Amino acid sequence: MSTVLPPLDQPLAAANAAAASFAALESKLDYLAPDDVELVRRAYRFADQAHLGQMRHSGEPYITHPIAVAAQCAEWKLDAHALMAALLHDAMEDCGVTKADLIEQFGPSVADLVDGLTKLDKLQFSTREEGQAESFRKMLLAMARDVRVILIKLADRTHNMRTMGDMPRSKWGRISAETQEIYAPIAHRLGLNQTYRELQDLAFRHMKPWRYSVLSKAVTKARQRRRDLIQKVQQEVQGALSQAGLSARIVGREKTLHSIYTKMDDKHLSFAQVNDLYGVRVIVPHVVDCYTAMGLLHQLYKPVPGRFKDYIAMPKVNGYQSLHTTLVGPASVNVEFQIRTEAMDLVAEAGVAAHWLYKVNQEEPSDELGTQWLQSLLDIQNETRDATEFWDHIKVDLVPDAVYVFTPKGQIMALPQGATVVDFAYAIHSNVGDHAVGAKVNGEQVPLRSELANGDVIEIVTAPVSTPNPAWLGFVRTGRARSRIRSHLKSLAQDESRDLGEKLLAQALRAEGMGQLPGHEKTEKPLWDKLLRFTGNRSHDEMMTDIGLGKRSANMVAKRLVTLLAAEGVKPDALMLTRERFTAHESLSQGAVILDGAENMSVKYATCCRPVPGDGVLGYLGRGEGLVVHTDECAVARRLQHKDAERFITVAWADEPVRLFEAGIVVTVVNGKGVLARVAAALVSAEADIVHLGMTDESAQEALDLRFVITVRDVTHLDTVLRHLKRTQSVLRAARIMPAGSA
35 MSTVLPPLDQ PLAAANAAAA SFAALESKLD YLAPDDVELV RRAYRFADQA
85 HLGQMRHSGE PYITHPIAVA AQCAEWKLDA HALMAALLHD AMEDCGVTKA
135 DLIEQFGPSV ADLVDGLTKL DKLQFSTREE GQAESFRKML LAMARDVRVI
185 LIKLADRTHN MRTMGDMPRS KWGRISAETQ EIYAPIAHRL GLNQTYRELQ
235 DLAFRHMKPW RYSVLSKAVT KARQRRRDLI QKVQQEVQGA LSQAGLSARI
285 VGREKTLHSI YTKMDDKHLS FAQVNDLYGV RVIVPHVVDC YTAMGLLHQL
335 YKPVPGRFKD YIAMPKVNGY QSLHTTLVGP ASVNVEFQIR TEAMDLVAEA
385 GVAAHWLYKV NQEEPSDELG TQWLQSLLDI QNETRDATEF WDHIKVDLVP
435 DAVYVFTPKG QIMALPQGAT VVDFAYAIHS NVGDHAVGAK VNGEQVPLRS
485 ELANGDVIEI VTAPVSTPNP AWLGFVRTGR ARSRIRSHLK SLAQDESRDL
535 GEKLLAQALR AEGMGQLPGH EKTEKPLWDK LLRFTGNRSH DEMMTDIGLG
585 KRSANMVAKR LVTLLAAEGV KPDALMLTRE RFTAHESLSQ GAVILDGAEN
635 MSVKYATCCR PVPGDGVLGY LGRGEGLVVH TDECAVARRL QHKDAERFIT
685 VAWADEPVRL FEAGIVVTVV NGKGVLARVA AALVSAEADI VHLGMTDESA
735 QEALDLRFVI TVRDVTHLDT VLRHLKRTQS VLRAARIMPA GSA
């Protein structure tokens, strides 16, 4: 039913004053054990003493407000700790009471609830954008470690809105807008429909007083005209259901003023055109009765096409379940019917609070509830009695697309679901992300790829020498982190490509009989400018980077440079020219690019043949992809050499490579229990790390192939690994993987 509010000129504070004594609250605590009632009384005495001398805008003692909030929580049948927190919720903020005081007096559970409420009270929503409102709602939900914090906060806001008439009118707009945009939607998400409707109406009443007043009078007149109609519908429905032997409770309900106004505003209707002001709720014992009742109603009145919704088969996210159907009643007036069970009605009106209400009000077995959502909540409560775990369970649906985490200084940050420590580091600052080497989450050391959860407190450990790792791109979620990492790697690749370009140009120049590149003195600048005009580059660095990436041929640039040098009287060295030409067919010459594994982005090792130190190698300068190293037996490299020979350059291994290299191997084994473990153990004993494992999907076969990518120091180490494997029990063959067609 809609909440009927008195006219604006009659403040609600006077009506509340009579009920706002502890005696009135105590009368609602009959569901608590005597010891729990005594705990609530102790909290009341403490709060009364703390707020002594404080007054509300209405002139009443301030304690009337905490009592009213606790009374609303008692309506929802919240536990004693929640009621105590409701009574104490302003004590920390307004009275100088510390959390330590509350722990000493009432224990950590109550103190945590009050502390959570105090944190929420400090948050003020300042912008009006819809997206900001949504983030703020989610942040409130995420910050509340316990669902009772949100429930007490909603009770607090509801009482403040009920007594808004006593506050200065200058505050009405801001507080009402915040209520409509933030707190009413939270109540809706939690399924607290009665509170949701009341908050909407109260906010509408104080934001648009004149429209509220006019609409209220119009609804009152319409109510008098339609009263007979609704009574007639209720009687006819009751008669039809009783005749069919169906027990049902029939309740008339009225659309709220806010929802009427919203419908008129959205659809540009006059009040007379809003034809679904009234509705009827049919409450039946069992789920199957809902569908039976709907069939009987459709025989009694004609249904309106397209106005049927089955929220029983497909419940709303907040657990709401009902059948909705609109029928053409007497005098051709449309009447909306909601058909549901008692348990569904409890969830529809009280939502999350039904979790506590059910424990007190319902005696039927839980398997008759008819809603999995409520059932799962009750199961958790039965198993753990832990409100925090209960809240975590429902927050998955309430805040599905973000996590809210804290910096060590308590600043809240919103990140996408699945965000990692690295995303958090980049969200703080690009430099923090770039230099991150470790992290602590809630005081414990964690890997950088760890995903974050709501409420985590994250501390990033940085080091000046650290730089972004390309592997981070595999797990970061935010665009900021991804773009920053890519930008750094691109810059790194350009520096390395420039250095490689200089090496390649120097090598090509030696092949033309020139010992070294011209310097960068002022006297050499005209020479370089002419060369840049030839290549079309804007700078020396850009030209070298293009050569390193394979976008320009080092040989062509070298030939042009020799021509320019010849014009200035510099002649090629005949001895060097002869030596270079005679040794060009050899695998190694003075101009070879030396590979030691430290090249990072500028040199790639082909995955088709996976060269390792000791292999004969070829360097292919791909267009725009830098230098790609293949084994000289690789079939892929041979095909490229056949059609693009001028892009191959001489490369050679350094005497002492600085890292391990990947190699592919295939191990054929007898299919049986424990084989994979034995093979893995053999690899470990041979000091080879496993990077990747794949196997043929032939579990029924007697023999199967295991394909590994492992890391080795060189060819000798690889041979040792293969010998280890061949000696392992159940291994039939072990060999290195090479591209098809390789020699």
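Under the working numbering, the residue at position 607 of the sequence shown is numbered 641, and the numbers go up by one with no gaps.
By construction, the Cβ of each residue, glycine as well, lies at the ideal position given by its N, Cα and C atoms.
It should be emphasised that the depicted structure is a prediction, and the values quoted were computed from it without experimental measurement.
- DSSP places V743 outside any alpha helix (DSSP H); the residue lies instead in the beta strand (DSSP E), whose first and last residues are A737 to V746.
- Three or more Cβ pairs drawn from the stretch 111-122 and the stretch 186-203 lie within less than 8 Å of each other, which places the two stretches in contact.
- Straight-line spacing of the CA atoms in L59 and V103 works out to 10 Å.
- Residues A237, H240 and M241 of the same chain have their beta carbon placed closer than 7 Å to that of S210, with the five preceding and five following residues left out of the count.
- Contact check for K564 and L598: beta-carbon distance about 6 Å, within the 8 Å limit, so the pair qualifies.
- The continuous alpha helix (DSSP H) containing K297 extends over residues L291 to K301.
- Here K638 carries a strand assignment [DSSP, helix/strand/coil].
- Spanning the alpha carbons of R544 and E530 requires a straight line of approximately 21 Å.
- Three or more beta-carbon pairs drawn from the stretch 437-450 and the stretch 496-513 are found closer than 8 Å, and the two stretches are therefore classed as touching.
- The beta carbon of H522 sits closer than 8 Å to those of D468, T501 and P502, all from its chain and outside the five residues before and after it, given in chain order.
- Where Q675 is concerned, there is no enclosing beta strand (DSSP E), although the alpha helix (DSSP H) around it starts and stops at A669 to K677.
- Classified as buried, V663 has 16 or more neighbouring CB atoms from the shown chains inside 10 Å of its CB.
- The continuous beta strand (DSSP E) containing V362 extends over residues L357 to V362.
- For V471, the closest C-alpha among the options V456, E485 and A461 is that of V456.
- For the pair K677 and I492, the Cα-to-Cα distance works out to about 55 Å.
- Partner residues in a beta bridge of A282, as assigned by DSSP, do not exist.
- Under the DSSP assignment, W206 falls in the alpha helix (DSSP H) whose first and last residues are W206 to E212.
- Under the three-state reduction of DSSP, G313 is assigned to strand.
- In the three-state reduction of the DSSP assignment, L507 falls in the helix class, which pools H, G and I.
- Note: K336 is bridge-paired with V362 in the DSSP secondary-structure output.
- If you draw a straight line from the Cα of V248 to the Cα of A114, it comes to about 43 Å.
- Around M577, the same chain offers G535, L565, L566, T569, N571, R586 and V591 as residues with beta carbons nearer than 8 Å, after the five sequence neighbours per side are excluded.
- Here A470 is bridged, per DSSP, to T496.
- Under the three-state reduction of DSSP output, L380 falls in the helix class.
- For A218, the closest alpha carbon among the candidates S293, K707 and I264 is that of S293.
- With contacts defined by Cβ atoms closer than 8 Å, L661 and F682 do not form a contacting pair.
- It is roughly 58 Å from the alpha-carbon of G582 to the alpha-carbon of I220.
- P339 counts as exposed, since fewer than 16 other C-beta atoms from the protein chains shown sit within 10 angstroms of its C-beta.
- Nearest to V267 by C-alpha distance, out of R223, D300 and S366, is S366.
- Listed in chain order, the non-local C-beta contacts of Q234 below 8 Å within the same chain comprise Q214, A218, T290, H292 and S293, local neighbours out to five positions each way being set aside.
- Going by C-alpha positions, V466 is about 29 Å away from K638.
- Put simply, the backbone Cα of K707 is about 27 Å away from that of A697.
- Cβ atoms of T375 and V318 come within 8 Å of each other, at about 6 Å.
- About 5 Å separates the beta carbon of I284 from that of Q272, a gap short enough to meet the 8 Å contact definition.
- Nearest neighbour of W506 by Cα position, chosen from I519, Q139, N194 and D723, turns out to be I519.
- If the five residues before and after I137 are omitted, its C-beta is found closer than 7 Å to the C-beta atoms of A145, all from its own chain and listed in chain order.
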